[in-house]
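In our numbering, the protein residues as written are 37 to 123.
For every residue, glycine included, the Cβ atom is placed at its ideal position computed from N, Cα and C.
Quick caveat, the model's predicted, so the values are computed rather than measured.
Note sheet for the following structure.
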């Protein structure tokens with residue numbers, strides 16, 4: 037038990053010394069404000085070419101009713117042989 041009391045008292049004294057040093061810095065040091073200018077190098081602009089236009093849609097189109105356009109398509113489960121998941 038004396039060893040525990042000894043280590044706790046040493047740790048308490050160390051923590052007290054750190055706390056006293058921080059309190060002294062707060063009380064004794066006055067911060068000074070001044071303007072700060074930092075130059076940041078701006079990289080040169082690189083001209084980027086536009087991507088190639090997309091391929092036109094397939095010629096085969098079908099009319100979709102107003103309710104069918106909002107519905108999600110049925111998902112196909114690749115793990116099941118020949119099986120499909122329906123909505």
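Inter-residue Cα distance where the pair is residue i and residue j
i	j	result
residue 42	residue 48	10 Å
residue 59	residue 37	33 Å
residue 45	residue 62	26 Å
residue 81	residue 90	26 Å
residue 70	residue 76	19 Å
residue 53	residue 68	26 Å
residue 79	residue 73	19 Å
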